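Asker:
Number of protein chains: 2
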Amino acid sequence: MSVVLSLDAMGGDRAPDVVVEGAALAAEKYRDLTFLIYGPSHQIGPLLHQYPQLKDRCTLYHTDEVITNDVKPAQALRGFKKSSMRLAIEAVAQGHAQAVVSAGNTGAYMALSKIFLKSIPGISRPAIATAILSQNGRTVVLDLGATVAATPENLYQFALMGHAFASRYLHKKHPTIGLLNVGSEEQKGHSTVQDAAILIREDKNLTFYGFVEGDDIMAGTTDVVVTDGFTGNVALKSMEGTARLVKDLLKESLSSSWRGKLGYLIASPVFKKMQQKIDPRYYNGAAFLGVQGVAIKSHGGTDGFGFSVAIGVAVEMASGATQGTVAQDIQSLIE
Amino acid sequence: MSVVLSLDAMGGDRAPDVVVEGAALAAEKYRDLTFLIYGPSHQIGPLLHQYPQLKDRCTLYHTDEVITNDVKPAQALRGFKKSSMRLAIEAVAQGHAQAVVSAGNTGAYMALSKIFLKSIPGISRPAIATAILSQNGRTVVLDLGATVAATPENLYQFALMGHAFASRYLHKKHPTIGLLNVGSEEQKGHSTVQDAAILIREDKNLTFYGFVEGDDIMAGTTDVVVTDGFTGNVALKSMEGTARLVKDLLKESLSSSWRGKLGYLIASPVFKKMQQKIDPRYYNGAAFLGVQGVAIKSHGGTDGFGFSVAIGVAVEMASGATQGTVAQDIQSLIE
Numbered sequence: 003m004s005v006v007l008s009l010d011a012m013g014g015d016r017a018p019d020v021v022v023e024g025a026a027l028a029a030e031k032y033r034d035l036t037f038l039i040y041g042p043s044h045q046i047g048p049l050l051h052q053y054p055q056l057k058d059r060c061t062l063y064h065t066d067e068v069i070t071n072d073v074k075p076a077q078a079l080r081g082f083k084k085s086s087m088r089l090a091i092e093a094v095a096q097g098h099a100q101a102v103v104s105a106g107n108t109g110a111y112m113a114l115s116k117i118f119l120k121s122i123p124g125i126s127r128p129a130i131a132t133a134i135l136s137q138n139g140r141t142v143v144l145d146l147g148a149t150v151a152a153t154p155e156n157l158y159q160f161a162l163m164g165h166a167f168a169s170r171y172l173h174k175k176h177p178t179i180g181l182l183n184v185g186s187e188e189q190k191g192h193s194t195v196q197d198a199a200i201l202i203r204e205d206k207n208l209t210f211y212g213f214v215e216g217d218d219i220m221a222g223t224t225d226v227v228v229t230d231g232f233t234g235n236v237a238l239k240s241m242e243g244t245a246r247l248v249k250d251l252l253k254e255s256l257s258s259s260w261r262g263k264l265g266y267l268i269a270s271p272v273f274k275k276m277q278q279k280i281d282p283r284y285y286n287g288a289a290f291l292g293v294q295g296v297a298i299k300s301h302g303g304t305d306g307f308g309f310s311v312a313i314g315v316a317v318e319m320a321s322g323a324t325q326g327t328v329a330q331d332i333q334s335l336i337e
Numbered sequence: 003m004s005v006v007l008s009l010d011a012m013g014g015d016r017a018p019d020v021v022v023e024g025a026a027l028a029a030e031k032y033r034d035l036t037f038l039i040y041g042p043s044h045q046i047g048p049l050l051h052q053y054p055q056l057k058d059r060c061t062l063y064h065t066d067e068v069i070t071n072d073v074k075p076a077q078a079l080r081g082f083k084k085s086s087m088r089l090a091i092e093a094v095a096q097g098h099a100q101a102v103v104s105a106g107n108t109g110a111y112m113a114l115s116k117i118f119l120k121s122i123p124g125i126s127r128p129a130i131a132t133a134i135l136s137q138n139g140r141t142v143v144l145d146l147g148a149t150v151a152a153t154p155e156n157l158y159q160f161a162l163m164g165h166a167f168a169s170r171y172l173h174k175k176h177p178t179i180g181l182l183n184v185g186s187e188e189q190k191g192h193s194t195v196q197d198a199a200i201l202i203r204e205d206k207n208l209t210f211y212g213f214v215e216g217d218d219i220m221a222g223t224t225d226v227v228v229t230d231g232f233t234g235n236v237a238l239k240s241m242e243g244t245a246r247l248v249k250d251l252l253k254e255s256l257s258s259s260w261r262g263k264l265g266y267l268i269a270s271p272v273f274k275k276m277q278q279k280i281d282p283r284y285y286n287g288a289a290f291l292g293v294q295g296v297a298i299k300s301h302g303g304t305d306g307f308g309f310s311v312a313i314g315v316a317v318e319m320a321s322g323a324t325q326g327t328v329a330q331d332i333q334s335l336i337e
């Protein structure tokens with residue numbers, strides 16, 4: 003089934019190079035994928051020539067306007083009418099593309115998505131979700147920063163959205179849901195999580211496990227971990243920092259003696275496989291939930307391969323069985 | 003200089019065995035260290051016989067009463083007057099010991115410490131701090147769970163306490179302080195962190211770096227990372243979970259092929275050194291800050307070696323240059 007994606011070519015630290023390279027890699031992987039690319043033609047045109055596989059697979063829409071990382075969401079809403087990000091989102095809103103991918107300013111991207119893709123009726127705050135590596139495969143974590151101060155009602159709605167996302171994306175019929183807290187005992191935590199637990203437990207459509215702790219995310223105790231955007235963002239980045247530190251320590255240790263060097267040399271295929279398994283690029287691509295369309299956020303600092311993985315999330319969310327259905331699933335859970 | 007510590011022998015998952023073993027290991031390391039041990043003599047007496055180095059180095063005070071993990075802080079305050087935890091804390095309050103160590107119920111331990119060791123005047127909420135591994139050595143993180151809902155004023159006081167703790171414990175004259183947030187830009191995050199940043203920046207005794215993100219903790223961007231007890235607890239446990247996952251994946255990968263096995267065999271001294279570096283037992287022992295005495299919390303699931311490391315933190319906090327001074331330093335910063 004053919005999928006059309008719109009790409010904000012100017013989002014991320016190394017745009018547009020990384021975006022075009024990512025599109026080229028994704029074009030090789032997904033045969034029926036085509037792109038609408040938004041950005042300055044004098045920059046993107048020459049890049050497209052480097053990737054023959056993109057020829058006939060993309061349409062370039064010229065714009066010079068860019069939403070940089072220092073633009074506040076309110077500014078992005080008022081101005082920047084011809085920005086690459088806004089035009090890419092509008093392409094989905096107008097039905098020209100099935101999903102949009104951007105590595106740009108998260109706050110602006112979320113604000114514009116809410117306006118142009120429209121919030122799902124009944125969902126008061128959006129959430130950003132991603133499926134990270136865990137002992138049991140993948141764990142969906144949300145919110146990662148869209149809603150930094152969440153009410154119990156918001157957290158309950160995140161549970162609904164996490165359920166819908168995990169059902170489709172992890173292909174689980176009854177994904178288990180954990181609510182992040184400082185302890186697993188019922189009386190733990192502040193009133194917001196206490197009250198949210200009551201709301202989630204009452205909903206018979208959800209499989210509520212109860213409270214989980216920080217180490218349960220990567221232990222894979224539940225399929226979904228629900229938290230506010232402040233805590234989720236800090237947890238995700240803390241985990242990234244830890245993986246980086248362990249990797250650096252290992253590298254340093256192995257290169258500091260002949261035993262380390264020889265051992266590494268012999269086991270290098272194992273290390274490469276292992277490195278691939280914890281490589282954050284393989285988990286790139288977070289979904290904006292709570293809007294009536296598919297908008298995927300790539301990490302701003304990723305490379306071409308990482309961006310192609312985020313495109314893969316968009317393809318999966320936009321194609322076949324999952325087309326438009328996460329939003330519909332969320333809506334049906336509310337009704 | 004001789005140090006007397008009081009030990010709650012009945013705190014933690016494998017009490018009293020782990021506590022007595024930890025005391026024995028610490029007794030070997032610190033020559034002038036003696037213990038007051040609180041717990042059931044019929045359980046502890048036979049254990050003491052296993053460790054001849056504890057003979058003449060400890061006094062056993064019998065009590066049968068134990069505060070288990072399901073006891074709420076309010077219950078611990080009302081009843082449990084002869085509990086091992088309460089008696090161990092009272093020993094410090096009455097001047098018989100210079101510091102107390104427990105691996106038991108954190109909420110009860112904190113509540114009892116506040117009552118018997120007394121809060122530092124001007125500090126409205128306590129915090130739990132620990133110095134975790136980072137790229138630059140160690141990073142002090144607080145709060146780890148004492149104050150799950152913190153006001154801007156609380157966070158400012160945590161910055162004062164983190165400054166005092168890092169000055170003494172990391173031996174840094176002007177420790178840099180970061181405030182945990184979802185982004186490093188000034189406009190990021192909710193109003194609590196925004197307002198806290200203003201308070202911390204205004205205090206000329208503190209070296210405020212600004213906002214830091216989750217990955218800055220292990221990157222060692224600042225000497226101290228300040229956050230509320232909810233976020234700090236989740237971040238710490240998320241980091242522990244990540245280290246565990248990476249370790250498990252590495253183990254699994256290396257044992258899955260002959261290349262992995264041989265490489266591991268050759269590089270095994272490197273792996274052992276590396277494992278020691280990320281071993282959470284080496285970072286065991288969190289300090290209760292905001293009370294007028296030294297109370298150290300050990301991880302409940304640690305072993306004898308881990309408990310001896312927590313005892314080491316108590317020794318460092320209670321002896322020589324640091325004796326009583328973290329609390330005094332905090333007080334002088336407030337005045």
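Sequence order for the protein chains is A and B.
Using this note's numbering, the letters of the first sequence correspond one by one to residues 3 to 337.
Using this note's numbering, the letters of the second sequence correspond one by one to residues 3 to 337.
Glycine is no exception: its CB is placed at the ideal position from the N, C-alpha and C atoms.
Treat the numbers as computed from the prediction; the structure is a model and nothing was measured.
I need the straight-line Cα distance from Leu-267 of chain B to Thr-194 of chain B, nearest angstrom please.
Answerer: So the alpha carbons of these two residues sit roughly 51 Å apart.
Asker: Cβ of His-192 of chain B less than 8 Å from any chain A Cβ?
Answerer: Yes, because at least one Cβ of chain A sits closer than 8 Å to the Cβ of His-192 of chain B.
Asker: List the residues of chain B whose Cβ lies closer than 9 Å to the Cβ of Ala-269 of chain A, in chain order.
Answerer: Chain B residues near Ala-269 of chain A: Ser-255, Leu-256, Ser-259, Arg-261, Gly-262, Lys-263, Leu-264, Gly-265, Tyr-266, Ile-268, Ala-269.
Asker: Strictly below 9 Å CB to CB, what residues from chain B border Asn-235 of chain A?
Answerer: Asn-183, Val-184, Gly-185, Glu-215, Gly-216, listed in chain order.
Asker: Closer than 8 Å by beta-carbon distance: list the chain B residues that pair up with Gly-242 of chain A, in chain order.
Answerer: Before going further, note that residue 242 of chain A is Glu rather than Gly in the sequence given. Correct list: Gly-216, Asp-217.
Asker: Below 7 Å CB to CB, which residues in the same chain sit around Gly-306 of chain B once its five sequence neighbours on both sides are set aside?
Answerer: Excluding positions up to five away in sequence, the list reads Val-20, Glu-23, Gly-24, Leu-27.
Asker: Does any residue of chain B have a CB that is nearer than 8 Å to the CB of Leu-172 of chain A?
Answerer: It does not; no Cβ of chain B falls within 8 Å.
Asker: At which residues does the beta strand (DSSP E) containing Ser-104 of chain A begin and terminate?
Answerer: Ser-104 of chain A -> beta strand (DSSP E) spans 101 to 104.
Asker: Go through its chain and collect everything with a Cβ distance to Asp-225 of chain A's Cβ below 7 Å, but skip five positions before and after it.
Answerer: The answer, listed in chain order, is Thr-141, Val-142, Ala-168, Leu-172, Lys-174, Pro-177, Thr-178.
Asker: Take the Cβ of Arg-127 of chain B as the centre, count every other Cβ of all protein chains shown within 10 Å, and call the residue buried at 16 or more, exposed below.
Answerer: Under this definition Arg-127 of chain B is a buried residue.
Asker: Beta-carbon of Lys-74 of chain B versus every beta-carbon of chain A: anything under 8 Å?
Answerer: Chain A, which has a Cβ nearer than 8 Å to the Cβ of Lys-74 of chain B, makes this yes.
Asker: Grab the span of the alpha helix (DSSP H) containing Tyr-158 of chain B for me, first residue to last.
Answerer: 154 to 171 is the extent of the alpha helix (DSSP H) around Tyr-158 of chain B.
Asker: Relative to the C-alpha of Val-102 of chain B, which candidate in B:Ala-269, B:Leu-38, B:Ser-85, B:Asp-15 has its C-alpha closest?
Answerer: Checked all of B:Ala-269, B:Leu-38, B:Ser-85, B:Asp-15; the closest Cα to Val-102 of chain B is B:Leu-38.
Asker: So which residues of chain A does Gly-147 of chain B contact, with C-beta pairs closer than 7 Å?
Answerer: Correct list: Val-184.
Asker: For Gln-45 of chain A and Leu-252 of chain A, what's the separation of their Cα atoms in angstroms?
Answerer: When rounded, the distance between both Cα atoms is 40 Å.
Asker: Which residues does DSSP list as the beta-bridge partners of Glu-67 of chain A?
Answerer: Paired residues: A:Ser-85.
Asker: Which word fits Pro-54 of chain A, buried or exposed, when buried means at least 16 other C-beta atoms lie within 10 angstroms of its C-beta?
Answerer: So Pro-54 of chain A counts as exposed.
Asker: Given a threshold of 16 other Cβ atoms within 10 Å of its Cβ, counted over all protein chains shown, does Gln-159 of chain A qualify as buried or as exposed?
Answerer: By the neighbour-count rule (16 or more Cβ atoms within 10 Å), Gln-159 of chain A is buried.
Asker: Under 8 Å, do Val-341 of chain B and Tyr-111 of chain B count as touching if we go by C-beta distance?
Answerer: Limits of chain B in this structure are 3 at one end and 337 at the other, which puts residue 341 of chain B out of reach.
Asker: How would you call Pro-123 of chain A, buried or exposed, if buried means at least 16 neighbouring beta carbons within 10 angstroms?
Answerer: Classification of Pro-123 of chain A: exposed, given that the 10 Å Cβ count is below 16.
Asker: Mapping the DSSP letters down to three states, classify Gly-314 of chain B as helix, strand or coil.
Answerer: Correct three-state label for Gly-314 of chain B: helix.
Asker: For Ile-298 of chain A, does the three-state DSSP call read helix, strand or coil?
Answerer: The answer is strand: DSSP assigns Ile-298 of chain A an E or B state.
Asker: Would Val-94 of chain A pass as an interface residue toward chain B - the criterion being a Cβ-Cβ separation below 8 Å?
Answerer: No, Val-94 of chain A does not count as interfacial toward chain B.
Asker: Let me make sure I understand the geometry here. Which of B:Gln-77, B:Met-87, B:Lys-57 has the alpha-carbon closest to that of Thr-65 of chain B?
Answerer: Minimum Cα distance to Thr-65 of chain B is reached at B:Met-87.
Asker: Thinking C-beta only, is Gly-14 of chain A closer than 8 Å to Ile-69 of chain A?
Answerer: No.
Asker: Rounded to a whole number of angstroms, what is the C-alpha to C-alpha distance between Ala-269 of chain B and Gly-262 of chain A?
Answerer: Roughly 5 Å between the two C-alpha positions.
Asker: Taking buried to mean at least 16 other C-beta atoms within 10 Å of its own C-beta, is Glu-215 of chain B buried or exposed?
Answerer: By the neighbour-count rule (16 or more Cβ atoms within 10 Å), Glu-215 of chain B is buried.
Asker: What separation, rounded to the nearest whole angstrom, lies between the Cα atoms of Lys-83 of chain A and Gln-137 of chain B?
Answerer: Their Cα atoms are separated by approximately 43 Å.
Asker: Name the two residues that bound the continuous beta strand (DSSP E) containing Val-248 of chain A.
Answerer: Run containing Val-248 of chain A: none in the beta strand (DSSP E); it sits in the alpha helix (DSSP H), 231 to 256.
Asker: When you compare the segment 279 to 296 of chain A with the segment 293 to 305 of chain B, are there three or more beta-carbon pairs, one atom per stretch, that lie closer than 8 Å?
Answerer: Short answer: they don't touch.
Asker: Assuming contact is defined by CB atoms lying nearer than 8 Å, are Ser-121 of chain A and Gly-265 of chain A in contact in what I supplied?
Answerer: Not closer than 8 Å, so no.
Asker: Quick one: is Ala-76 of chain B buried, meaning 16 or more other Cβ sit within 10 Å of its Cβ, or exposed?
Answerer: Flag for Ala-76 of chain B reads exposed.
Asker: Is it true that the segment 180 to 191 of chain B meets the segment 220 to 240 of chain B, where meeting means three or more beta-carbon pairs spaced less than 8 Å apart?
Answerer: Yes, the segment 180 to 191 of chain B touches the segment 220 to 240 of chain B.
Asker: Excluding the five sequence neighbours on either side, which residues of its own chain have a C-beta within less than 6 Å of the C-beta of Val-5 of chain A, listed in chain order?
Answerer: Cβ within range, chain order: Leu-35, Gln-100, Val-317, Ala-320, Ser-321.
Asker: Using 8 Å for Cβ pairs, my map puts Ser-240 of chain B next to Ala-131 of chain A. What's the rounded Cβ distance?
Answerer: Not confirmed; about 16 Å, so no contact.
Asker: Along chain B, in chain order, which residues have C-beta atoms closer than 7 Å to that of Ile-280 of chain A?
Answerer: Going along chain B in sequence order, the residues near Ile-280 of chain A (Cβ under 7 Å) are Val-248, Leu-251.
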